[in-house]
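S.K.: Sending over a structure as structure tokens; questions will come in a sec.
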Amino acid sequence: MVVITLPAFNEESTLPPLLQAICEAMAENRIEYRVVVINDGSTDATAKVVEEMRETMPLTLIEHEENRGLGESIRTGLLHAIEDAADRDIIVTMDSDNTHTPALIARMVRGIREGNDVVIASRYRSGARIKGVPRYRRLLSRVANVGFRILFPTPNVRDFTSGYRAYRAGVLRQAFVTYGEGFIAQSGFSCMVDILLKLRRLGAIMSEVPLILRYDLKSGVSKMVVMRTIGDTLRLMLRQRLGVG
-14 MVVITLPAFN
-4 EESTLPPLLQ
6 AICEAMAENR
16 IEYRVVVIND
26 GSTDATAKVV
36 EEMRETMPLT
46 LIEHEENRGL
56 GESIRTGLLH
66 AIEDAADRDI
76 IVTMDSDNTH
86 TPALIARMVR
96 GIREGNDVVI
106 ASRYRSGARI
116 KGVPRYRRLL
126 SRVANVGFRI
136 LFPTPNVRDF
146 TSGYRAYRAG
156 VLRQAFVTYG
166 EGFIAQSGFS
176 CMVDILLKLR
186 RLGAIMSEVP
196 LILRYDLKSG
206 VSKMVVMRTI
216 GDTLRLMLRQ
226 RLGVG
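Per this note's numbering, the very first residue in the sequence shown carries number -14; after that it's consecutive.
Laid out in structure tokens, this is it:
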């Protein structure tokens, strides 16, 4: 079983094409799956859109009454996904803004079934295709990832900040048992690095596949607050380096 978790905040326009693409990709690859949407206090019709799509695919909606941020949404989704999962099941995290291509899920699933605990859709692998991302965002991402590669060298990992990943359910369950509430300590976009570094400490086996990022399909403005994310990332680097994160 593959459980796809989608944190969503005001994604009424992007969820329908994304969910349809997920449905088609899973059918094409004959993958048993279900989707969990975490509606993080949206003020638009995100919940209504999800309810309508439930008639056509295996879909669960979890509601946050108010916006809690990406970290809390990821936590909610992962905890729900591992609740009934076998250790060998696979949990996928991806963005709800239709920038992540669902066709990659089959390749990521193969990577887990071949023995990896984590498979990352990476911007820094040969064959990756990035379309529509502003130049300054590319630069910030590259600088951050170079910093993480220097400070926290991890076999086979070049992209520490990508949110498009597949995990073996068992390694996530182990992480929640080991770290408890501290497993996902970051509320913003730096939560993805937080997760990866803590799984690294547990000795998780990781690999990457080339990411296809379609930022040109995104509607509306990015939800990332750049200066806050930079600050959170620098603090996370320091805490992890000191062994207190």
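Glycine included, C-beta positions come from ideal geometry on N, C-alpha and C.
1. Following the continuous alpha helix (DSSP H) through threonine 45, name the residue where it begins and the one where it ends.
2. Using the three-state DSSP reduction, which class does valine 210 fall into: helix, strand or coil?
3. Tell me the residue span of the beta strand (DSSP E) that contains proline -8.
4. Nearest-angstrom Cα distance between valine 34 and alanine 6?
5. When the distance is taken between beta carbons, is alanine 91 closer than 8 Å to alanine 154?
6. If you draw a straight line from the alpha carbon of phenylalanine 137 to that of alanine -7, how long is it in whole angstroms?
7. Round the Cβ separation of glutamate -3 and glycine 26 to the nearest angstrom and send it over; I've been treating them as touching at under 8 Å.
8. Quick check on valine 131: buried or exposed, where buried means 16 or more other Cβ atoms within 10 Å of its Cβ?
9. First and last residue of the beta strand (DSSP E) that includes valine 194?
10. Taking 6 Å as the limit between beta carbons, can you name the residues of its chain near isoleucine 215, skipping five residues before and five after?
11. Beta strand (DSSP E) containing serine 58: first to last residue?
12. Please tell me whether alanine 189 and aspartate 179 are closer than 8 Å, where the distance is taken between their beta carbons.
13. Using the Cβ count rule (16 or more neighbours within 10 Å means buried), how would you classify alanine 151?
14. Under a three-way DSSP split, which group does aspartate 25 fall into?
15. Are there 16 or more other CB atoms within 10 angstroms of the CB of valine 210, so buried, or fewer, so exposed?
16. Could you check whether leucine 198 and threonine 78 sit closer than 8 Å to each other, using their CB atoms as the reference points?
17. How many angstroms separate the CA atom of glutamine 159 from the CA atom of isoleucine 23?
18. Name the DSSP bridge partner or partners of threonine 78?
19. Give the single residue among Gly56, Pro2 and Asn(-5) whose Cα lies nearest to the Cα of threonine 31.
20. In terms of residues, what are the limits of the alpha helix (DSSP H) holding arginine 95?
21. If you drop the 5 nearest sequence neighbours on each side, which residues of the same chain put their C-beta closer than 6 Å to that of phenylalanine 145?
22. So, using beta-carbon positions, are arginine 110 and arginine 143 closer together than 8 Å?
23. Among the candidates His49, Thr61 and Ile(-11), whose CA atom is the shortest distance from the CA of proline 43?
24. Taking C-beta to C-beta, are isoleucine 76 and alanine 66 nearer than 8 Å?
M.R.: According to the structure data:
1. As a position in the sequence shown, residue 45 is number 60, starting the count at 1. Unbroken run through threonine 45 is the beta strand (DSSP E), 44 to 49; no alpha helix (DSSP H).
2. Locating residue 210 in the sequence shown gives position 225, where the first residue counts as 1. A caution first: valine 210 carries a pLDDT of 49, below 50, which makes its placement in the model too unreliable to give a value.
3. Here residue -8 refers to the residue found at position 7 when the sequence shown is read from its first residue. Note, proline -8: beta strand (DSSP E), -13 to -7.
4. Residue numbering aside, residue 34 sits at position 49 when the sequence shown is read from its first letter. Residue numbering aside, residue 6 sits at position 21 when the sequence shown is read from its first letter. If you take the alpha carbons of valine 34 and alanine 6, they lie about 15 Å apart.
5. Reading the sequence shown from its first residue, position 169 is the one you call residue 154. Reading the sequence shown from its first residue, position 106 is the one you call residue 91. No, the pair does not count as a contact, with Cβ atoms beyond the cut-off.
6. To locate residue 137, count along the sequence shown from 1; it is residue 152. To locate residue -7, count along the sequence shown from 1; it is residue 8. When rounded, the distance between both Cα atoms is 30 Å.
7. Indexing the sequence shown from 1 puts residue -3 at position 12. Indexing the sequence shown from 1 puts residue 26 at position 41. Not confirmed; about 14 Å, so no contact.
8. Within the sequence shown, residue 131 is the residue found at index 146, counting from 1. Counting Cβ neighbours within 10 Å, valine 131 comes out exposed, since fewer than 16 surround it.
9. Here residue 194 corresponds to residue number 209 of the sequence shown, with the count starting at 1. Unbroken beta strand (DSSP E) run through valine 194: 191 to 195.
10. For the purposes of this step, residue 215 is identified with residue 230 of the sequence shown, where counting begins at 1. Closer than 6 Å at Cβ, skipping near neighbours: no residue.
11. Working through the sequence shown from its first residue, we reach residue 58 at position 73. Looking at the DSSP string, serine 58 is not in any beta strand (DSSP E); the run it does join, the alpha helix (DSSP H), is 55 to 68.
12. To locate residue 189, count along the sequence shown from 1; it is residue 204. To locate residue 179, count along the sequence shown from 1; it is residue 194. Cβ distance not < 8 Å, so alanine 189 and aspartate 179 don't count as in contact.
13. On the sequence shown, position 166 is the one that residue 151 refers to. Buried, since its Cβ has 16 or more Cβ neighbours within 10 Å.
14. Residue mapping note: residue 25 aligns to position 40 of the sequence shown, counting from 1. Residue state, collapsed to three classes: strand.
15. The residue you call residue 210 lines up with position 225 of the sequence shown. Here the model assigns valine 210 a pLDDT of 49, short of 50, so the residue's position is not dependable, and the following value carries that caveat. Burial call: exposed.
16. Taking the sequence shown and counting its residues from 1, one reaches residue 78 at position 93. Taking the sequence shown and counting its residues from 1, one reaches residue 198 at position 213. Contact flag unset, no.
17. On the sequence shown, position 174 is the one that residue 159 refers to. On the sequence shown, position 38 is the one that residue 23 refers to. Going from the Cα of glutamine 159 to the Cα of isoleucine 23 covers about 22 Å.
18. Residue mapping note: residue 78 aligns to position 93 of the sequence shown, counting from 1. Bridge partners of threonine 78: Thr(-10) and Arg150.
19. Translated into the one-based positions of the sequence shown, residue 31 becomes position 46. Checking every option, the nearest Cα to that of threonine 31 belongs to Asn(-5).
20. Translated into the one-based positions of the sequence shown, residue 95 becomes position 110. Unbroken alpha helix (DSSP H) run through arginine 95: 90 to 98.
21. What you label residue 145 is simply residue 160 of the sequence shown in a count that begins at 1. Cβ within range, chain order: Asn130, Phe133, Val178 and Leu181.
22. Against the sequence shown, residue 110 aligns to sequence position 125. Against the sequence shown, residue 143 aligns to sequence position 158. Between arginine 110 and arginine 143, the CB-CB gap stays under 8 Å.
23. Here residue 43 corresponds to residue number 58 of the sequence shown, with the count starting at 1. When only C-alpha atoms are compared, the closest one is Ile(-11).
24. For the purposes of this step, residue 76 is identified with residue 91 of the sequence shown, where counting begins at 1. For the purposes of this step, residue 66 is identified with residue 81 of the sequence shown, where counting begins at 1. Cβ atoms of isoleucine 76 and alanine 66: closer than 8 Å.
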